[in-house]
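Colleague:
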Amino acid sequence: MTRQTMALLPVGDRVVFPGTETTLELKGAAIDRIFEDLKRHKDARVALRMRADDTLAVAAALRKIVRLPDERHLVTVEAFERVVIDEIVDKEPIDKAAVSTAVETETDGETTSLLAARVHALWSEQHEDEELESPATASALADLVADGLPLDRKS
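Here you go:
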C-alpha cells in the first residue's frame with residue numbers, strides 16, 4: 016500500500032487481526048457523520064485503532080453498515096494489514112490520518128521457525144477437525160491463531 020489518508024475508527028478494547036472479518040458496535044455523533052460520508056464510497060477503507068495515542072492501526076474495508084434505532088452502528092469490517100499512523104491530517108468529524116504499510120520485522124532464525132512449528136502443532140492438536148493454512152510468516156501465523164483464541168475482552 017502506498018501512503019494514503021484514512022479515517023481512524025476507535026474500536027476500544029476490540030482486537031482486529033489482519034486477514035479476519037468481524038462486526039464492531041460503534042456509536043457517537045462523530046461516528047454517525049463519518050459513516051454517512053463513507054457509505055457514499057463503494058470501497059471505503061478505514062484504519063481501526065484501539066487508543067487515541069496508538070501509532071499502529073489495522074487497515075480495513077467496510078463491508079456492511081447497519082444503523083440501529085438507538086443510534087448505534089453495527090459495522091462489518093474486513094481487516095487487511097497493519098498500518099503506521101504517520102500523521103493526523105484532519106480532526107473533524109473524526110480523526111483522519113496519513114497511513115502507510117507497517118514494516119514487519121521478521122526473525123528468520125531457527126528459534127522463530129521452531130516456535131512457529133510448535134504453535135502450528137498445538138493448534139492442530141486442539142482443532143483436529145480444522146486445517147490451519149500455512150501462513151508465509153510467523154507474524155501471519157500469530158494473527159491466525161490469535162483470532163481463534165477465546166479471549167476475555169471484558170477484563
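Here the sequence shown is numbered in the working numbering, starting from 16 and rising by one per residue.
Backbone N, C-alpha and C define an ideal beta-carbon position, used for all residues, glycine too.
Measure how close the beta-carbons of residue 23 and residue 90 come, nearest whole angstrom, since I'm counting them as under 8 angstroms.
Modeller: Actually they are not in contact, since the Cβ atoms of residue 23 and residue 90 sit about 14 angstroms apart, beyond 8 angstroms.
Colleague: How many angstroms separate the CA atom of residue 111 from the CA atom of residue 125?
Modeller: Rounded to the nearest angstrom, the two C-alpha atoms are 41 angstroms apart.
Colleague: Helix, strand or coil for residue 125, going by three-state DSSP, please let me know.
Modeller: In the structure shown, residue 125 sits in a helix (DSSP, three-state: H, G or I).
Colleague: So residue 95 is in the alpha helix (DSSP H); what residue range does that whole segment cover?
Modeller: First-last for residue 95: 87-105, but that is the beta strand (DSSP E), not the alpha helix (DSSP H).
Colleague: I need the straight-line Cα distance from residue 137 to residue 157, nearest angstrom please.
Modeller: Computed Cα separation, rounded: 12 angstroms.
Colleague: In the DSSP assignment, find the beta strand (DSSP E) that holds residue 53 and state where it starts and stops.
Modeller: Premise fails: residue 53 lies in the alpha helix (DSSP H), 44-53, not in any beta strand (DSSP E).
Colleague: What is the rounded straight-line gap between the Cα of residue 117 and the Cα of residue 94?
Modeller: Taking the straight line from one Cα to the other gives about 14 angstroms.
Colleague: Under three-state DSSP, which class holds residue 23?
Modeller: Residue 23 falls in the strand class under three-state DSSP.
Colleague: Write down the C-beta distance between residue 73 and residue 31 rounded to the nearest angstrom, noting that I regard them as a contact closer than 8 angstroms.
Modeller: 5 angstroms between Cβ atoms; contact.
Colleague: Quick test of your reading: residue 97 and residue 63, contact by CB under 8 angstroms. State the CB separation rounded to the nearest angstrom.
Modeller: 10 angstroms between Cβ atoms; not a contact.
Colleague: Looking only at its chain, what residues have a beta carbon closer than 8 angstroms to the beta carbon of residue 169, apart from the 5 residues adjacent to it on each side?
Modeller: A caution first: residue 169 carries a pLDDT of 49, below 50, which makes its placement in the model unreliable, though a value can still be read off. Result list for residue 169: empty, nothing under 8 angstroms.
Colleague: Are the Cβ atoms of residue 75 and residue 92 separated by less than 7 angstroms?
Modeller: Cβ distance < 7 angstroms, so residue 75 and residue 92 count as in contact.
Colleague: Do you know offhand how far residue 84's Cα is from residue 48's?
Modeller: Computed Cα separation, rounded: 16 angstroms.
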